[in-house]
Every structure is written in C-alpha cells, then in structure tokens.
Amino acid sequence: MDSSPNEAVIAGTGETRYVRRPGPRTTTVSLLARAAREALRNAGVRHSDVDGLAVASFSLAPDHAIDLAWKLGVRVSWLMDDASGGASALNMLQHARRAVEAGDASTVLILAGDVLEPSAFRRLVDEYNSATRDHLAPLPHGGPNSLFALLTMRQMAESGLKRSDYGRLVVAQRTWAARNPGAVYRDLLTVEEYLAADLVADPLCIYDCVPVVAGADAVVVTRRSRARRPVRIRSLGALHNADDQQGNGLRTGLKEAAPALWEHAGLGPDDVDVVSVYDDYPAMVLAQLVDLGFTPDGDFHRLIGAITDNALSVNTSGGQLSAGQAGAAGGLHGLVEMTRQLRGEARGRQVEPAHIAAVTGYGMILYRFGGCANAAILERIR
Amino acid sequence: MSAGVAYYVCRSCGLAVFPSRALCPRCGSASWLRRVATSAILEDATTLRRARGRQLDGPIRLGTARLDAGPAVVVRLNAEVTPGTRVALNTIGGAPQALEAR
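Those protein sequences? They're chains A and B, same order as listed.
With my numbering, letter number 26 in the first sequence gets 26, and the count goes up by one each step, no holes.
With my numbering, letter number 46 in the second sequence gets 46, and the count goes up by one each step, no holes.
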C-alpha cells in the first residue's frame with residue numbers, strides 16, 4: 001500500500017436531507033452547495049483549499065462543472081464533468097485520486113445531486129440516450145422499471161428466486177433505514193406487506209423501485225497529510241460496456257473486474273466488514289454481489305440469508321430503495337455511507353468493526369440494462 | 001407501420017446487432033448490412049402498470065424478442081402472446097411490436 005503523504009484519501013463527506021417533494025426554491029446548485037459545505041466542514045478543509053472539482057448531475061444543465069465552480073466560488077486547476085449515472089461517484093473518484101497523486105490538484109470536491117420534477121424525470125428517461133429515444137420511448141417503456149422487470153424475470157428463471165426472496169432483501173434494507181434519520185422511508189416493512197403492494201411492472205412492486213428524491217452528496221479527496229481520520233482507497237476497478245448489450249444483463253462488468261480489484265486490494269470478500277451495492281433494483285444487488293464473489297458458488301439463497309441475518313452488512317443507509325435516489329447522487333450516496341461507516345460516523349447504524357468497506361457503482365442503461373460498472377475497496381486508517 | 005424489425009449485420013465478421021452501432025464490437029468494421037426480421041421468439045414479458053411523470057391509458061405489455069440472428073429487441077406486445085412462442089414483428093412509429101403469435 002502507498003503510504004506516502006501524497007497518497008490520495010477520502011477526508012470527508014456531506015449529504016443534504018433527501019426530500020420527496022422539494023419546494024419551488026430548491027435548485028440543483030443550491031443542493032450541491034449545501035452538500036459541498038457540509039463535506040468541507042466534515043473534512044476540516046477550507047473553502048480556499050479546494051483546487052479541483054468534479055460533478056455529476058442530470059439537472060445541472062445548461063450549466064457544467066465550470067459554471068458550478070463559479071457559483072461555488074472555487075478556483076480550480078482540475079475540473080471534471082461526469083455523465084456516468086450510478087457509476088459516476090467511483091468514476092470521479094478514480095480520476096480525482098490520480099489527479100491528487102500526480103499533483104494536478106491537492107484537494108478535490110466530488111459532487112453529485114439532482115432535482116427532478118415528474119416532467120423532468122419523464123424527459124430524462126425518454127431521452128436518456130439515442131437508443132432509448134429511438135427504440136424504447138416510442139413503445140413507450142415508461143423508464144427503466146420495465147427493463148429491470150424483464151431482467152428480474154430472467155434472474156428468477158435462472159436462479160429459482162421467488163418474489164418473496166426479493167422481498168426479504170427489501171425488508172432487510174428497510175430495517176437499516178429505520179436507523180438512518182436521513183432515509184425518506186423508515187417505517188419497518190414485512191414480506192407480507194411487500195407481497196401485497198401495488199405492482200409497477202411485474203414482478204416489480206413499488207418497493208422494488210427507488211423513490212425519486214431531491215438531494216445532493218459530496219466527498220472530499222485530498223492528500224493524506226492534510227486529512228483527519230482518512231479513508232484509504234485500497235483499490236478501484238471498472239469495466240464499462242462489458243458485453244456490448246449482447247448478454248442478458250445478469251452479469252455486470254464487475255464479474256471481469258473483480259479479480260484485479262481484490263488482487264490490488266490484497267484482500268478478498270471475507271475481509272469486508274460493510275458493503276454498499278448500487279441498488280437501483282434488488283436483482284442488481286444480488287447480481288453485483290455474486291459478480292464480486294460474495295457468494296463463491298453463486299448460491300443466491302445463501303447470499304440473501306447472509307444479508308437478512310446481518311452476517312453481511314449491505315446498504316446500511318437503507319440504500320436507495322429506502323433512503324431515496326437523488327438522481328446522479330445515487331452512486332455517491334453509497335460512497336458517503338461507506339466513508340461514514342469507516343470513520344465511525346454512522347450514528348445509530350454503526351457496523352462494528354468497520355475496517356474494510358466495498359462500494360459499487362452501476363448504471364447508464366444503454367438499451368436493455370446498465371453499461372457501467374465499477375467498485376472500490378476502502379480502508380479506515382487509524 | 002412497416003413489416004418486421006430492422007437489424008444490422010457486420011459485412012466483415014457477420015455479427016448481428018440491434019440497435020445499430022458505428023463500429024462492430026467484434027472486429028471494428030464500419031460496414032453494415034441492413035436486414036429485416038419478421039418474426040422472433042418471445043423470451044420474457046412484463047406488464048407496465050404505472051410510470052412516473054406520465055398517465056398511462058392502461059397497462060402496457062412489453063417483452064424481449066430474440067431474433068433468429070441473435071440480437072434481443074424490446075417489443076410492445078399487443079396480443080396475448082406468451083413467452084416461449086414465436087411472434088410476428090412489426091415497427092410502428094419507431095417502436096418494435098409483437099402483435100400476434102406466428
């Protein structure tokens with residue numbers, strides 16, 4: 001492991017309150033600014049120390065990262081606009097880490113956030129990319145729920161999972177959410193209530209689909225010498241467009257990225273204390289955990305058992321399914337939660353011990369399923 | 001309405017894709033043949049019952065149709081066709097449809 005003072009580490013996090021119905025004066029920039037201030041305070045870094053900025057947002061347009069730098073009043077030698085959706089957090093971290101270690105910047109603010117009114121959300125999902133605009137929106141497909149309903153059907157056929165199995169996963173995340181004051185849905189849920197809930201797109205019910213919220217997240221990456229209670233990035237791996245959309249979507253890019261990820265970390269799945277898996281849908285939680293090797297024999301039932309028994313602490317914020325999905329902040333939400341766990345800041349839901357965390361990112365539906373996948377292994381430095 | 005669904009075959013290596021690509025993911029060629037599939041096997045199906053930001057006229061049936069050449073196409077199902085059966089393909093307003101069993 002690099003232990004030089006120039007090693008890039010995560011030094012602090014911020015997250016605004018997530019809200020289902022934002023007021024008329026809530027803007028994307030105002031949320032990003034609030035998360036940024038909180039992260040700088042949490043990291044003990046001054047506003048004037050920031051010399052790098054990365055941002056991911058679906059609703060920042062027509063502004064870009066440079067407009068945001070202006071509005072936040074930061075002068076930067078390193079600037080990044082990211083458009084990788086659920087994989088944006090780790091994509092920005094992958095680049096920011098190298099920028100700090102190479103000396104292009106010393107303190108980078110990584111931001112993501114969105115305010116998406118129903119009409120803006122509809123435009124976003126209908127014009128997500130040209131393939132969606134041309135071949136899915138005319139159906140209409142109504143957004144990603146129908147595509148992941150079909151993917152979940154395929155996973156059920158391949159694995160023998162039933163709706164109640166996904167329900168157990170959703171209930172487990174809601175149980176974590178009950179201990180997170182930042183989650184928008186905190187009332188405990190039973191599998192019976194899950195099975196009786198309204199369907200959105202068979203077999204997915206309302207509890208399988210992320211609640212869209214307004215909110216923003218922030219992470220500060222800086223040199224180790226500048227950080228208090230730093231979190232080390234032991235490894236970070238990605239594989240995007242792994243199968244050209246020619247597969248069935250049940251294997252992500254993590255399947256091929258995992259061996260190098262663990263090798264660079266010098267660790268394996270058994271060493272991990274707490275995990276954040278990008279949970280746009282329960283089926284993708286399982287797919288990514290299998291791809292990362294958390295159940296070596298691919299036994300889905302045993303994996304679900306480990307999650308519901310808390311033998312494996314997964315999505316301790318409640319995940320996006322219960323905490324909410326603030327657009328492009330969905331990926332950064334998990335990185336914030338894992339950093340909080342490693343720094344002992346996850347009040348009421350702190351995992352003990354929390355030395356090693358795994359975070360995944362997944363997303364950007366190209367046609368039938370996500371085209372981006374990445375993961376990081378993080379370590380608390382004493 | 002046009003009969004069938006257009007897909008693309010690489011002139012160089014024969015890989016079939018849907019939707020179109022600029023370069024062939026297998027061999028890097030930029031030269032494609034346009035082909036039309038008039039039927040496919042329906043692999044899976046769902047019923048969309050609600051969608052954020054829009055009012056649906058009623059439930060919408062959607063599914064995955066596997067072309068004989070290989071690619072999978074997301075289609076609208078307008079009849080009571082069931083997974084595992086062969087369906088006839090058409091394109092209406094850019095939207096691939098599986099109207100009936102074939």
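Where is the CB? At the ideal position from N, CA and C, for every residue including glycine.
Work out the CA separation of Thr28 (chain A) and Ser48 (chain A) for me, nearest whole Å. 22 Å
So, using beta-carbon positions, are Arg174 (chain A) and Leu161 (chain A) closer together than 8 Å? The answer is no: Cβ separation not under 8 Å.
May I ask you to list the residues that DSSP assigns as paired with Asn374 (chain A)? For Asn374 (chain A), the pairing in a beta bridge is given by DSSP as A:Ala238 and A:Gly361.
If we define contact as Cβ-Cβ less than 8 Å, is Gly94 (chain B) a contact residue for chain A? Yes, Gly94 (chain B) counts as interfacial toward chain A.
Taking Val391 (chain A) as the reference, give the member of A:Ala328, A:Tyr128 and A:Ala69 with the closest Cα. In the structure as shown, chain A starts at 1 and stops at 382, and residue 391 (chain A) therefore has no counterpart that could be examined.
So is Pro138 (chain A) in contact with chain B if we call contact Cβ pairs under 8 Å? Residue-level contact by beta carbon holds for Pro138 (chain A) and chain B, with a gap shorter than 8 Å.
Taking 8 Å as the threshold (C-beta atoms), are Arg234 (chain A) and Ala214 (chain A) in contact? no
If you drop the 5 nearest sequence neighbours on each side, which residues of the same chain put their C-beta closer than 6 Å to that of Ser146 (chain A)? Around Ser146 (chain A): Ala201.
Whole alpha helix (DSSP H) elements within the segment 78-113 of chain A, 4-residue minimum: 88-102
What are the boundary residues of the beta strand (DSSP E) that includes Ile307 (chain A)? No beta strand (DSSP E) holds Ile307 (chain A); the alpha helix (DSSP H) holding it covers Phe300 to Thr308.
For Gly63 (chain B), the residue or residues it bridges with in DSSP: B:Ala45 and B:Val75
Cutoff 6 Å; reference Val290 (chain A); Cβ partners in own chain excluding five residues on either side: Gly298
Would you mind telling me which residues of chain E sit closer than 8 Å to Arg76 (chain B), beta carbon to beta carbon, in chain order? Among the protein chains in the structure shown, which are A and B, there is no chain E.
Hey, Gly371 (chain A) and Tyr278 (chain A) are a contact pair by Cβ (cut 8 Å); roughly how many whole angstroms apart? Not quite, the Cβ-Cβ distance comes to about 13 Å (not below 8 Å), so this is no contact.
Measuring straight from C-alpha to C-alpha, what distance separates Ser313 (chain A) and Val351 (chain A)? Rounded to the nearest whole angstrom, the C-alpha separation of Ser313 (chain A) and Val351 (chain A) is 8 Å.
Return no unless some Cβ of chain A is closer than 8 Å to the Cβ of Gly28 (chain B). No, Gly28 (chain B) does not count as interfacial toward chain A.
Listed by chain order, chain B residues near Leu199 (chain A) by CB distance under 8 Å: Thr47 and Arg49, listed in chain order.
I'd like the span of the beta strand (DSSP E) that includes Val220 (chain A), first residue to last. Going by DSSP, Val220 (chain A) is part of the beta strand (DSSP E) stretching over Gly215 to Arg223.
For the candidate residues A:Asp309, A:Thr16 and A:Glu256, whose alpha-carbon lies nearest to that of Arg34 (chain A)? Relative to Arg34 (chain A), the option among A:Asp309, A:Thr16 and A:Glu256 whose CA is nearest is A:Thr16.
Verify the CB distance criterion: does Arg368 (chain A) have a CB-CB separation below 8 Å to chain B? yes
Cβ of Met153 (chain A) less than 8 Å from any chain B Cβ? yes
Proximal chain A residues relative to Asp44 (chain B), where beta-carbon distance stays under 8 Å: Under the 8 Å cutoff, chain A gives Leu150, Met153, Arg154 and Ala157.
Taking Cβ-Cβ distances shorter than 7 Å, what residues in chain B pair up with Arg17 (chain A)? Those within 7 Å of Arg17 (chain A) in chain B number zero; the least Cβ separation is about 21 Å.
So the candidates are A:Phe148, A:Glu192 and A:Asp198; which of them puts its Cα closest to the Cα of Arg168 (chain A)? A:Glu192
When Cβ atoms are compared, which residues of the segment 1-31 of chain B fall closer than 7 Å to chain A? Pro19 and Pro25
Of the residues A:Thr360, A:Tyr281, A:Leu342 and A:Arg347, which one's Cα is nearest the Cα of Pro353 (chain A)? A:Leu342
Report buried or exposed for Arg34 (chain B), applying the criterion of at least 16 other Cβ atoms within 10 angstroms of its Cβ. exposed
Taking C-beta pairs closer than 9 Å, name the residues in chain B that Pro118 (chain A) reaches, listed in chain order. Arg52, Gly53 and Arg54
How far does the alpha helix (DSSP H) with Arg41 (chain A) in it reach, from first residue to last? Thr28 to Ala43
My guess is that Thr339 (chain A) and Val170 (chain A) are in contact by the Cβ rule of under 8 Å, so how many angstroms apart are they, rounded? Not quite, the Cβ-Cβ distance comes to about 25 Å (not below 8 Å), so this is no contact.
Among residues of its own chain, excluding the 5 on either side of Val272 (chain A), which ones have a beta-carbon nearer than 6 Å to its beta-carbon? Ile356 and Ala358
Residues in the same chain with beta-carbon distance under 6 Å from Glu127 (chain A), minus the five sequence neighbours each way, listed in chain order, please. Counting only Cβ-Cβ distances below 6 Å, and skipping sequence neighbours, we find Arg133.
For chain B, check one thing: does any of its Cβ atoms lie closer than 8 Å to the Cβ of Ser146 (chain A)? yes
Does DSSP classify Pro259 (chain A) as helix, strand or coil? Note: Pro259 (chain A) maps to helix in three-state DSSP.
Cβ pair Ala112 (chain A), Ala323 (chain A) closer than 8 Å: no
Nearest-angstrom Cα distance between Arg21 (chain B) and Ala3 (chain B)? 22 Å
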